[in-house]
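K.L.:
Heads up: the sequence shown is residues 18 to 397, going by my numbering. The structure's right below; bear with me while I get my questions together.
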Amino acid sequence: MLDLTGIPVIDNHCHPVLLNQQMDALQFRSNFTEATDASFPEKHVRTNIYYTWFLRQTAKFYGCSAREEEILAVRNSMDADVLLESLLGASHIDTLILDTGYPLSDQCYTPERMGELGHCQAAKLLRLETLVQQLVLAHDDFDDLLERYSTGLSNIRERGYCAFKSIVAYRTGLNVERWGKDEAARSFAEAHTMAIRSGRLRIAHKPLLDYLLHIAFRKAAEQQLPVQFHTGYGDSDTDMRLGNPLHLRDVLEQPEYRSMPVVLLHESYPYCQLGAYLAAIYPHVYFDLSYTIPFVDKLEMLAFTRQALGVAPVSKLMFSTDGINVPEMHWVGAMRGRNIIGQVLNEMIAADEIDEGEAYSAAQAILLFTARDVYQLKAP
Ligand SMILES: [Zn+2]
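Written out as structure tokens, the structure reads:
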């Protein structure tokens with residue numbers, strides 16, 4: 018049997034955790050659903066197979082019973098720093114790659130502090146739509162915005178970021194199209210007027226967003242910088258029909274973007290085979306295997322891991338948790354990722370598809386080495 022517990026992980030996509038870790042049951046449960054309706058934390062999360070499993074794991078960690086109220090009492094009695102240090106420390110993490118675009122940074126631990134408490138490296142992702150929203154609010158002239166945007170996307174590694182991330186699947190869909198500058202400028206004028214009127218902006222103006230994304234892709238290609246795309250499963254804010262990674266075809270076909278590694282997040286769930294297929298066909302496409310979010314059970318995680326390993330070359334797969342808000346998610350995802358990848362590789366050994374040495378190297382590549390290459394990270 019393969020034992021992967023000794024392999025440190027690069028969590029290639031996760032989020033900061035909240036500074037305030039004191040939570041009642043409803044607050045805690047609301048972290049474990051992508052549904053926005055209050056009936057989920059009140060009624061349904063408690064019966065989700067994922068959550069039941071999660072409670073049993075954390076109970077073992079805290080040395081208490083698996084009753085939710087007991088687990089909450091234990092974690093609420095702990096200082097947040099101690100909570101983070103014990104969970105992240107037990108996860109054996111090489112590097113956390115953090116999307117600082119969500120949750121809001123004034124409510125969260127900084128990447129630097131998470132690295133200190135986790136005794137690991139911390140790297141950052143620049144979320145493109147967040148930058149676009151800030152610039153649309155701050156500028157009334159489109160050319161000024163373009164200049165500032167272009168500067169904001171330059172020298173990105175010197176500014177501590179190792180990749181861009183796009184949540185366009187949450188806004189106007191992965192079918193990012195080509196628009197003329199005039200169309201983009203009209204779309205900007207609409208967005209800006211709306212933003213000034215309401216004092217805030219949720220950017221969902223397709224010509225503007227697509228136009229600015231193409232600029233970001235050129236900037237990424239120039240810097241050999243990876244771009245992560247949210248694909249598949251998300252809350253109801255995403256139109257899942259347009260979260261299918263096959264919609265990225267026009268972007269993936271662009272020869273000028275070949276030096277921009279594309280990372281399809283969240284195993285494109287439930288479009289897992291399609292995402293793995295893209296990684297098998299396009300040299301610059303990588304497929305992220307995420308083991309905390311989406312909140313699916315072990316059998317489903319085994320299924321997508323089998324599909325990924327069965328379809329795409331091992332060198333195209335990378336591990337993540339997508340952990341957010343509470344540090345238990347980062348911990349449990351690291352443990353479960355190693356466990357599930359190990360189980361699938363064991364099945365492949367038994368099926369005479371791979372030998373034990375190859376299987377261990379495959380696990381090292383998925384958990385650690387491929388992400389180090391793709392994001393150009395240093396060994397700690
Ligand atoms: Zn995420």
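Cβ coordinates follow ideal geometry from the N, Cα and C atoms, glycine included. The model shown is predicted, which means the values in this text are computed figures rather than measured ones.
(1) In angstroms with no decimal places, state the Cα-to-Cα distance between threonine 127 and lysine 333.
(2) By the 10 Å Cβ neighbour count, where 16 or more other Cβ atoms means buried, how is lysine 77 classified, buried or exposed?
(3) Do arginine 123 and arginine 144 have their C-beta atoms within less than 7 Å of each other?
(4) Go through the residues and name those whose CB comes closer than 6 Å to any heavy atom of ligand 1, in chain order.
(5) For leucine 115, list the residues DSSP reports as bridge partners.
(6) Which residue marks the beginning of the alpha helix (DSSP H) containing aspartate 227, and which one marks its end?
(7) Can you say whether glutamine 245 is buried or exposed, counting buried as having 16 or more other CB atoms within 10 angstroms of its CB?
(8) With distances taken Cα to Cα, identify the nearest neighbour of arginine 188 among Leu259, Thr53, Ile213, Arg214.
(9) Kindly indicate the opening and closing residues of the beta strand (DSSP E) around aspartate 305.
(10) Measure the alpha-carbon distance for glycine 132 versus leucine 385 and round it to whole angstroms.
(11) So, using beta-carbon positions, are phenylalanine 181 and alanine 237 closer together than 7 Å?
(12) So does the stretch 304-314 actually touch the stretch 279-291, counting three or more Cβ pairs closer than 8 Å?
(13) Could you have a look at methionine 352 and say whether DSSP puts it in helix, strand or coil?
(14) Within 10 Å of its beta-carbon, does arginine 355 have 16 or more other beta-carbons around it, so buried, or fewer, so exposed?
(15) Within this structure, are the beta carbons of glycine 169 and leucine 142 separated by less than 7 Å?
(16) Using DSSP's beta-bridge definition, name the partner residues of methionine 335.
(17) Compute the beta-carbon to beta-carbon distance between cysteine 137 and isoleucine 110, rounded to the nearest angstrom, for a pair I have assumed lies under 8 Å.
(18) Could you tell me which uninterrupted beta strand (DSSP E) segments, each at least 3 residues in length, are contained entirely in the stretch 145-230, listed from first to last along the chain?
(19) Could you say if the stretch 150-157 and the stretch 170-178 meet the contact criterion of at least three C-beta pairs nearer than 8 Å?
(20) Tell me whether the beta-carbon of phenylalanine 234 lies closer than 7 Å to the beta-carbon of alanine 202.
(21) Quick one: is isoleucine 66 buried, meaning 16 or more other Cβ sit within 10 Å of its Cβ, or exposed?
(22) Can you give the beta carbon distance from valine 391 to proline 278, rounded, assuming they're within the 8 Å contact cut?
(23) I'd like to check one pair, valine 62 with phenylalanine 45: are the Cβ atoms closer than 7 Å?
(24) Check whether the stretch 354-373 and the stretch 319-329 are in contact - that is, three or more C-beta pairs closer than 8 Å.
(25) Please determine, among Gly135, Pro300, Glu317, the residue with the shortest C-alpha to C-alpha distance to leucine 306.
(26) Using CA atoms only, rank isn't needed, just tell me which of Arg130, Gln241, Ala388, Asn342 is closest to isoleucine 173.
(27) What three-state label does DSSP hand cysteine 81 in the structure shown?
(28) Give the single residue among Ile27, Phe71, Pro58, Ser56 whose Cα lies nearest to the Cα of lysine 315.
(29) Rounding to the nearest angstrom, what Cα-Cα distance links arginine 219 and aspartate 20 in this structure?
(30) May I ask you to list the residues that DSSP assigns as paired with isoleucine 110?
(31) CB-CB under 7 Å to valine 328, same chain, minus the five flanking residues each way: which ones, in chain order?
(32) Suppose contacts are defined by Cβ-Cβ distances below 7 Å. Is glutamate 200 in contact with proline 224 by that definition?
(33) Given that a residue counts as buried once 16 or more other Cβ atoms are within 10 Å of its Cβ, and exposed if not, what is alanine 368?
P.N.:
Based on what the coordinates show:
(1) As a first step, residue 127 is located in the sequence shown; it is residue number 110 there, counting from the start. As a first step, residue 333 is located in the sequence shown; it is residue number 316 there, counting from the start. So the two alpha carbons sit approximately 29 Å from each other.
(2) Translated into positions along the sequence shown, residue 77 becomes position 60. A residue is called buried once 16 or more other Cβ atoms fall within 10 Å of its Cβ, and lysine 77, having fewer, is exposed.
(3) Position 106 of the sequence shown, counted from the first residue, corresponds to residue 123. Position 127 of the sequence shown, counted from the first residue, corresponds to residue 144. For the record, residue 123 in the displayed sequence is aspartate; it is not arginine. Not a contact, by the Cβ cut-off of 7 Å.
(4) Those residues, listed in chain order, are His30, His32, Asp116, Asp339.
(5) By 1-based counting over the sequence shown, the position of residue 115 is 98. Answer is Cys31, Lys141.
(6) In the sequence shown, counting from the first residue as 1, residue 227 sits at position 210. Residues 223-239.
(7) Residue mapping note: residue 245 aligns to position 228 of the sequence shown, counting from 1. Classification for glutamine 245: buried.
(8) Here residue 188 corresponds to residue number 171 of the sequence shown, with the count starting at 1. Nearest of Leu259, Thr53, Ile213, Arg214 to arginine 188, Cα basis: Leu259.
(9) Here the question's residue 305 lines up with position 288 in the sequence shown. Looking at the DSSP string, the run of the beta strand (DSSP E) that includes aspartate 305 is 302-307.
(10) The residue labelled residue 132 in the question sits at position 115 within the sequence shown. The residue labelled residue 385 in the question sits at position 368 within the sequence shown. Rounded to the nearest angstrom, the two C-alpha atoms are 17 Å apart.
(11) Within the sequence shown, the letter at position 164 stands for residue 181. Within the sequence shown, the letter at position 220 stands for residue 237. Against a cut-off of 7 Å, the Cβ pair of alanine 237 and phenylalanine 181 comes out as a contact.
(12) yes
(13) Numbered from 1 along the sequence shown, position 335 holds the residue referred to as residue 352. Collapsing the DSSP output to three states places methionine 352 in a helix.
(14) The residue given as residue 355 occupies position 338 in the sequence shown. Taking every protein chain shown into account, the CB of arginine 355 has 16 or more other CB atoms within 10 angstroms, so this residue is buried.
(15) Start at 1 with the first residue of the sequence shown, and residue 169 comes out as number 152. Start at 1 with the first residue of the sequence shown, and residue 142 comes out as number 125. No, the Cβ-Cβ distance between glycine 169 and leucine 142 is not below 7 Å.
(16) What you label residue 335 is simply residue 318 of the sequence shown in a count that begins at 1. Answer is Asp305.
(17) For this step, residue 137 is matched to residue 120 along the sequence shown. For this step, residue 110 is matched to residue 93 along the sequence shown. So it is a contact: roughly 4 Å between Cβ atoms.
(18) 178-183
(19) no
(20) In the sequence shown, the residue the question calls residue 234 occupies position 217. In the sequence shown, the residue the question calls residue 202 occupies position 185. For phenylalanine 234 and alanine 202, no; Cβs fall outside 7 Å.
(21) Here the question's residue 66 lines up with position 49 in the sequence shown. Answer is exposed; the Cβ neighbour count stays below 16.
(22) Locating residue 391 in the sequence shown gives position 374, where the first residue counts as 1. Locating residue 278 in the sequence shown gives position 261, where the first residue counts as 1. Confirmed, Cβ separation roughly 5 Å.
(23) As a position in the sequence shown, residue 45 is number 28, starting the count at 1. As a position in the sequence shown, residue 62 is number 45, starting the count at 1. No. Outside cutoff.
(24) yes
(25) The residue given as residue 306 occupies position 289 in the sequence shown. For the residues Gly135, Pro300, Glu317, the minimum Cα distance to leucine 306 belongs to Glu317.
(26) Position 156 of the sequence shown, counted from the start, is the residue given in the question as residue 173. The option with the nearest alpha carbon to isoleucine 173 is Gln241.
(27) As a working note, residue 81 is residue 64 in the sequence shown. Residue state, collapsed to three classes: coil.
(28) The residue labelled residue 315 in the question sits at position 298 within the sequence shown. Considering only alpha carbons, the answer is Phe71.
(29) Mapped onto the sequence shown, residue 219 falls at position 202. Mapped onto the sequence shown, residue 20 falls at position 3. Spanning the two alpha carbons is a distance of roughly 45 Å.
(30) For this step, residue 110 is matched to residue 93 along the sequence shown. Bridge partners of isoleucine 110: Val26.
(31) If you number the sequence shown from 1, residue 328 lands on position 311. Excluding sequence neighbours, valine 328 sits near Gln290, Ala293, Tyr294, Ala297.
(32) In the sequence shown, the residue the question calls residue 200 occupies position 183. In the sequence shown, the residue the question calls residue 224 occupies position 207. Yes.
(33) Against the sequence shown, residue 368 aligns to sequence position 351. When all chains shown are included, alanine 368 counts as exposed.
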